[in-house]
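For the record, the sequence lines run as chains A and B. Using full-length UniProt numbering, the letters of the first sequence map in sequence onto residues 1 to 270. Using full-length UniProt numbering, the letters of the second sequence map in sequence onto residues 1 to 332. Here's the structure, in structure tokens; my notes come after.
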Amino acid sequence: MNTQSYVTADGRTIGPAVMEMKNITLRFGGVVAIKDISFDIRQGEIRAIIGPNGAGKSSMLNVMNGFYHPQEGEVMFHGTKRRAMRPHQIAHQGIARTFQNIALFKGMSTLDNIMTGRLTHMKSGLLRQMVWWGASERDEVKNREVVEKIIDFLEIQAIRKTPVGRLPYGLQKRVELARALAAEPKLLLLDEPMAGMNVEEKEDMSRFILDVNDEFGTTIALIEHDMGVVMDIADRVVVMDYGKKIGDGTPEEVRTNQNVIDAYLGVAHD
Amino acid sequence: MSAGFYFGVEVFLNGLMAGVMYSLVALGFVLIFKASGIFNYAQGVMALFAALTLVGFQSGQIPFAHLINAVFGTELHHFGWKMPTILALIFTLMVMILFAFLVEKFILKHLVNQEPIILFMATIGLAYFMEGFGDLMWGSEIKKLDIGIPQGGNFWLEEKTATLGGDGFYGFYLDNLDIWATVCAIILVASLVVFSQYTKTGRALRAVADDHQAALSVGISLRAIWVIVWSIAGFVALIAGIMWGSKSGVQFSLSLIALKALPVLMLGGFTSIPGAIIGGLIIGVGEKMFEFLIGAPFLGGATENWFAYMLALLFLVFRPQGLFGEKIIERV
Numbered sequence: 001m002n003t004q005s006y007v008t009a010d011g012r013t014i015g016p017a018v019m020e021m022k023n024i025t026l027r028f029g030g031v032v033a034i035k036d037i038s039f040d041i042r043q044g045e046i047r048a049i050i051g052p053n054g055a056g057k058s059s060m061l062n063v064m065n066g067f068y069h070p071q072e073g074e075v076m077f078h079g080t081k082r083r084a085m086r087p088h089q090i091a092h093q094g095i096a097r098t099f100q101n102i103a104l105f106k107g108m109s110t111l112d113n114i115m116t117g118r119l120t121h122m123k124s125g126l127l128r129q130m131v132w133w134g135a136s137e138r139d140e141v142k143n144r145e146v147v148e149k150i151i152d153f154l155e156i157q158a159i160r161k162t163p164v165g166r167l168p169y170g171l172q173k174r175v176e177l178a179r180a181l182a183a184e185p186k187l188l189l190l191d192e193p194m195a196g197m198n199v200e201e202k203e204d205m206s207r208f209i210l211d212v213n214d215e216f217g218t219t220i221a222l223i224e225h226d227m228g229v230v231m232d233i234a235d236r237v238v239v240m241d242y243g244k245k246i247g248d249g250t251p252e253e254v255r256t257n258q259n260v261i262d263a264y265l266g267v268a269h270d
Numbered sequence: 001m002s003a004g005f006y007f008g009v010e011v012f013l014n015g016l017m018a019g020v021m022y023s024l025v026a027l028g029f030v031l032i033f034k035a036s037g038i039f040n041y042a043q044g045v046m047a048l049f050a051a052l053t054l055v056g057f058q059s060g061q062i063p064f065a066h067l068i069n070a071v072f073g074t075e076l077h078h079f080g081w082k083m084p085t086i087l088a089l090i091f092t093l094m095v096m097i098l099f100a101f102l103v104e105k106f107i108l109k110h111l112v113n114q115e116p117i118i119l120f121m122a123t124i125g126l127a128y129f130m131e132g133f134g135d136l137m138w139g140s141e142i143k144k145l146d147i148g149i150p151q152g153g154n155f156w157l158e159e160k161t162a163t164l165g166g167d168g169f170y171g172f173y174l175d176n177l178d179i180w181a182t183v184c185a186i187i188l189v190a191s192l193v194v195f196s197q198y199t200k201t202g203r204a205l206r207a208v209a210d211d212h213q214a215a216l217s218v219g220i221s222l223r224a225i226w227v228i229v230w231s232i233a234g235f236v237a238l239i240a241g242i243m244w245g246s247k248s249g250v251q252f253s254l255s256l257i258a259l260k261a262l263p264v265l266m267l268g269g270f271t272s273i274p275g276a277i278i279g280g281l282i283i284g285v286g287e288k289m290f291e292f293l294i295g296a297p298f299l300g301g302a303t304e305n306w307f308a309y310m311l312a313l314l315f316l317v318f319r320p321q322g323l324f325g326e327k328i329i330e331r332v
């Protein structure tokens, strides 16, 4: 296990493991989606999980997120074994996520969407809110300030009041990132943040992910099947294929790993 | 202006007031439909049950008296005291919140991710259960509901407007109860809108109405929200039950007001709170004016019984999403 902190070439401090997956096996009936996989995610790093379609990446993310409960293995979060919990409780643990197919509240404005990300930080009770007085109002104002900061950071001031259903795809992805960031998560999970984007949008998104990590020190785990982008931004990469881990290490190590090359380029059977 | 014109205005005003009463019922449907995608068939029965409970508390009835008498051969009926109205209201509200908890615990929780038709069937079952349970708890005789809202014509308004229309016109006749209902409905809707726009829980309610998965990911408990929504719907049912019950007595037919809410929903859309209000007003005014201008003189009257449904049918043909409902776009 990695317990030593170190400083990267670009001056970021990588701490001990935030989350550890230990021998995770996940089955759906007879189908084995994930088979005996272990890896860790360290404080402050950008950790990527890559693999071809159907490799089990999304299942892995859902295990980390608590949507799925693995049949075998343990998820350690901040050094303690995480008990099985209901999906909405995960957010209260400090894990925020985005979705491959964008799950925003389409009828609500950008601002309202991002404000929902602050729910876990807002403490005023139901009765207080009904009279909208004192603590409830201060709560709202204080959290609004945090949200405005994130809006500035991600450069979406202009669409603050726009219902997100009307925004183009790339901007929706950015709003979803903003909502996840608003929770000030200890661990941020991104499910294919660049899926369906053109080159320019991909570059924007990569820059935002790097900036978020740099500026807020947010630990990020992301899934991607586009290898190129991932290799540029990730500190360490896990490679999955057919539910198994076939590689783990820095982008350089992964790139030269024969198993990975075979999985991505195919291998001749004789 | 002639007396006929002012009489028309009076009909119009009465239509608005009737419309408010329809809106009150429709509102309960919209709240639950938005948050959980369930068409709650039991909304009308909830209004009946709330009114029954209110009268029961107020008059100091012993719950399940008939059942107890039948089993033990006793002759219980009343505790022998009257409860102050405000206290009875608070207790009734607590019963409705408890009811919301039980619905979530025994029905919704087990039907997560089921088809809408299954949830709809569950609410039909719930409606019949509540109807029987209400009867068993409070008895099935017709009861008078009086919580101190003045009733009968508003004489002040009648006197002030008596001189408007010349000899044949005696001033606007508006029922005090209807005026009260209107004021209550306006306050209710305004506070609901403010609550859902500017508070954390309101935002969570809208979030759940929009996308369940996303709501879970930001830490909203669907089950907690469902309890809150059903509690609010119970509160709205209580208001509707009070207004309709004061008007026509608390009895089984009270639950049928739900049928009047259906055309309102067709017009306003199932997902819009303003739609429920405006839909109610259009139906209320429409059916009164239609009766006044066309029904009574040319069709032999009694058009109020079917006008709303005909209007709803026209809407279904030409604008199925209603006036304010979200536009139905199917992506291919």
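Backbone N, C-alpha and C define an ideal beta-carbon position, used for all residues, glycine too. All of these numbers come straight from a predicted model, not from anything done at the bench.
Quick check: residue i and residue j, are their CB atoms within less than 8 Å of each other?
i, j, result
"A/Arg97", "A/Leu210", "no"
"A/Met227", "A/Met60", "no"
"B/Leu24", "B/Ala240", "yes"
"B/Thr92", "B/Phe57", "yes"
"B/Leu16", "B/Gly284", "yes"
"B/Gly125", "B/Leu48", "no"
"A/Met76", "A/Lys22", "yes"
"B/Leu192", "B/Ile294", "no"
"B/Phe169", "B/Tyr6", "yes"
"B/His78", "B/Ile62", "yes"
"B/Asp146", "B/Ser246", "yes"
"B/Val45", "B/Ser231", "no"
"A/Met19", "A/Ile46", "no"
"A/Ile223", "A/Asp191", "yes"
Could you check how far apart the C-beta atoms of residue i and residue j are, in whole angstroms? I think they sit under 8 Å.
i, j, result
"A/Ser109", "A/Thr25", "Actually they are not in contact, since the Cβ atoms of A/Ser109 and A/Thr25 sit about 43 Å apart, beyond 8 Å."
"B/Val218", "A/Thr116", "5 Å"
"B/Ala237", "B/Ala50", "5 Å"
"B/Leu157", "B/Leu174", "6 Å"
"A/Ile254", "A/Lys245", "First, the amino acid is wrong: residue 254 of chain A is Val here, not Ile. About 11 Å; that fails the 8 Å criterion."
"B/Leu216", "A/His88", "5 Å"
"residue 277 of chain A", "A/Ile156", "Examination of residue 277 of chain A is not possible in this model, given that chain A is present from 1 through 270 alone."
"A/Ala263", "A/Pro52", "6 Å"
"B/Leu242", "B/Leu54", "First, the amino acid is wrong: residue 242 of chain B is Ile here, not Leu. That belief holds up - the Cβ atoms of B/Ile242 and B/Leu54 are roughly 7 Å apart, short of 8 Å."
"B/Ala209", "A/Leu119", "Not really, about 15 Å apart at Cβ, beyond 8 Å."
Using the C-alpha atoms, what's the distance from residue j back to residue i?
i, j, result
"B/Gln43", "B/Asn14", "25 Å"
"A/Glu74", "A/Ile90", "15 Å"
"B/Phe72", "B/Phe12", "55 Å"
"B/Lys143", "A/Ala182", "54 Å"
"A/Leu126", "B/Ile277", "26 Å"
"A/Pro193", "A/Ala103", "12 Å"
"residue 275 of chain A", "B/Ala308", "The structure shown has nothing for residue 275 of chain A, since chain A only spans 1 to 270."
"B/Ala18", "A/Arg207", "59 Å"
"A/Gly247", "A/Ile37", "11 Å"
"B/Phe101", "B/Met94", "11 Å"
"A/Asp234", "A/Ser5", "Correcting the residue identity first, residue 234 of chain A is Ala in this sequence and not Asp. Between A/Ala234 and A/Ser5, the C-alpha separation is close to 17 Å."
"A/Arg27", "B/Ala70", "56 Å"
"B/Met96", "B/Ile107", "16 Å"
Using only CA atoms, which one of the options lies nearest to residue i?
i, options, result
"B/Ala35", "B/Phe252, B/Tyr198, B/Ala127 and B/Ser221", "B/Ser221"
"B/Phe116", "B/Ala224, B/Gly286 and B/Tyr41", "It should be pointed out that residue 116 of chain B corresponds to Pro in this sequence rather than to Phe. With distances taken between Cα atoms, B/Pro116 lies closest to B/Tyr41."
"B/Lys105", "B/Trp244, B/Val227 and B/Ala70", "B/Val227"
"B/Met21", "B/Met130, B/His66 and B/Ala261", "B/Ala261"
"A/Gln93", "A/Arg82, A/Ile246 and A/Glu252", "A/Arg82"
"B/Gly286", "B/Thr303, B/Pro297 and B/Ile273", "B/Thr303"
"B/Val317", "B/Gly300, B/Met266, B/Pro274 and B/Leu293", "B/Met266"
"B/Leu98", "B/Glu159, B/Thr271 and B/Ala233", "B/Ala233"
"B/Leu136", "B/Ile149, B/His66, B/Glu75 and B/Gly295", "B/His66"
"A/Ala195", "A/Gly29, A/Gly30 and A/Ile50", "A/Ile50"
"B/Gln321", "B/Leu293, B/Leu102, B/Leu54 and B/Thr271", "B/Thr271"
"A/His225", "A/Ser58, A/Asn65, A/Gly66 and A/Ile95", "A/Ser58"
"B/Gly269", "B/Gly19, B/Val30 and B/Glu10", "B/Val30"
"A/Val147", "A/Leu111, A/Val229 and A/Val212", "A/Leu111"
"B/Ala224", "B/Val103, B/Leu299 and B/Ala258", "B/Val103"
"B/Trp138", "B/Pro263, B/Leu311, B/Gly301 and B/Val250", "B/Val250"
"A/Leu154", "A/Asp204, A/Met122 and A/Thr218", "A/Asp204"
Relative to the ligand PLP, is the shortest distance from any of its heavy atoms to the C-beta of residue i smaller than 7 Å?
i, result
"B/Leu177", "Of ligands this structure carries none, so the ligand PLP is not represented either."
Ignoring anything shorter than 4 residues, give me the alpha helix (DSSP H) runs that lie fully in the region 139-194 of chain A, in order along the chain. 169-182
If you scan the region 246-318 of chain B from start to end, which runs of the alpha helix (DSSP H) of 4 or more residues do you find wholly inside it? 257-268, 273-290 and 304-318
In the region 51-103 of chain B, which residue ranges form an unbroken beta strand (DSSP E) of at least 3 residues, counting only runs that do not cross its ends? none
Which runs of the alpha helix (DSSP H) at least 4 residues long sit entirely within the region 91-127 of chain A? Give them in chain order. 110-116
Along the chain, which unbroken stretches of the beta strand (DSSP E) at least 3 residues long are found entirely within the region 210-243 of chain A? 219-224 and 236-241
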